[in-house]
Ligand code: CMP
């Protein structure tokens, strides 16, 4: 068993659509622990830092403008193998391709408004958490 922490962010569409409880409930029902959580609003500089790896891609401007469009909920979630387990629970970026039962397949509207983000590696957990938590 390898207890691990991961970074998760409920995106502005998830908050706007009243999905915070539904999403946190999925993690809690899975036996995961919420270690830290806060509602926050990203400005452009912090959004660019969070998504630095996508700078220069065709969707970058749309992504930054969307993620700064309203409050988000950032959290640190802990469980056995949290990084890979949470990634499987959220599903593919495009909800049309996400497996049934995943958060994005069940709740997301489009590739850009896809409700939730989670780190894809232990290194990214450190980096992305630092945008929200000291
Ligand atoms: P996320 O897991 O937060 O990581 C990067 C985000 O960029 C991704 O979810 C999508 O919301 C967004 N994204 C990735 N590819 C595209 C695309 N082709 N068009 C619009 N947004 C995208």
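Residue numbers (the numbering used here): 1375 to 1508.
For glycine and all other residues, C-beta sits at the position ideal for the given N, C-alpha and C.
Note that the structure is predicted; figures quoted are calculated from it, not measured.
Start-to-end residues for the beta strand (DSSP E) that takes in residue i
i, result
"residue 1452", "1446-1454"
C-beta contact flag for residue i and residue j at 8 Å
i, j, result
"residue 1505", "residue 1423", "yes"
"residue 1397", "residue 1477", "yes"
"residue 1490", "residue 1379", "no"
"residue 1446", "residue 1492", "no"
"residue 1393", "residue 1481", "yes"
DSSP three-state assignment for residue i, whether helix, strand or coil
i, result
"residue 1494", "coil"
"residue 1382", "strand"
"residue 1414", "strand"
"residue 1423", "helix"
Start-to-end residues for the alpha helix (DSSP H) that takes in residue i
i, result
"residue 1480", "1477-1481"
"residue 1437", "1434-1441"
"residue 1487", "No alpha helix (DSSP H) holds residue 1487; DSSP gives it neither H nor E."
Distance, residue j Cα to residue i Cα
i, j, result
"residue 1381", "residue 1390", "20 Å"
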